[in-house]
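Q: Let me give you the structure first, and then I'll get to my questions.
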Amino acid sequence: PARPLARAAAWLHAEGRAVFKRARARIPGNRNSADYQRHRFPGVTEETLRASAARFGALLGRFAGVTIRERAPDVFDVRPPRRAAER
87 PARPLARAAA WLHAEGRAVF KRARARIPGN RNSADYQRHR FPGVTEETLR ASAARFGALL
147 GRFAGVTIRE RAPDVFDVRP PRRAAER
């Protein structure tokens with residue numbers, strides 16, 4: 087097991103790095119800025135995911151009854167169909 091001091095040092099390093107990255111992300115034009123990240127990874131909608139699942143379902147013969155629900159912006163809950171015994 088890791089020594090407590092080594093673990094604390096690693097945690098402190100990780101937290102410091104995260105704070106530094108969050109601060110840099112606020113600088114306009116920085117590669118980690120929110121605007122740039124939105125440009126790189128445009129949002130996806132629930133309807134888009136449902137259409138993709140339907141398209142794959144038609145191609146593969148799977149994914150029938152899959153439920154997709156948005157939990158937060160760009161965070162989705164994708165669940166397999168419920169079995170008859172679970173209903």
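At the far end of the sequence shown sits residue 173, using the numbering used here, and the numbering has no gaps.
Built from N, CA and C at the ideal position, the CB exists for glycine as well.
1) Comparing C-alpha positions only, which one of V130, R168, H125 sits nearest to A158?
2) Can you look up F162 in the DSSP assignment and give me helix, strand or coil?
3) Pairing CB atoms from the region 124-142 with CB atoms from the region 150-165, are three or more of them under 8 Å?
4) Can you give me the C-alpha to C-alpha distance between H125 and R148, rounded to a whole angstrom?
5) Locate the alpha helix (DSSP H) running through R108, then write down its first and last residues.
6) From what residue to what residue does the alpha helix (DSSP H) around T131 run?
A: Reading it off the structure:
1) Selected option, being the one with the closest Cα: V130.
2) Here F162 sits in strand by DSSP.
3) Contact between the region 124-142 and the region 150-165 is established, with three or more Cβ pairs separated by less than 8 Å.
4) H125 and R148 have their C-alpha atoms some 32 Å from each other.
5) Segment 90-111, the alpha helix (DSSP H) holding R108.
6) Counting along the chain, T131 falls outside any alpha helix (DSSP H), and DSSP gives it neither H nor E.
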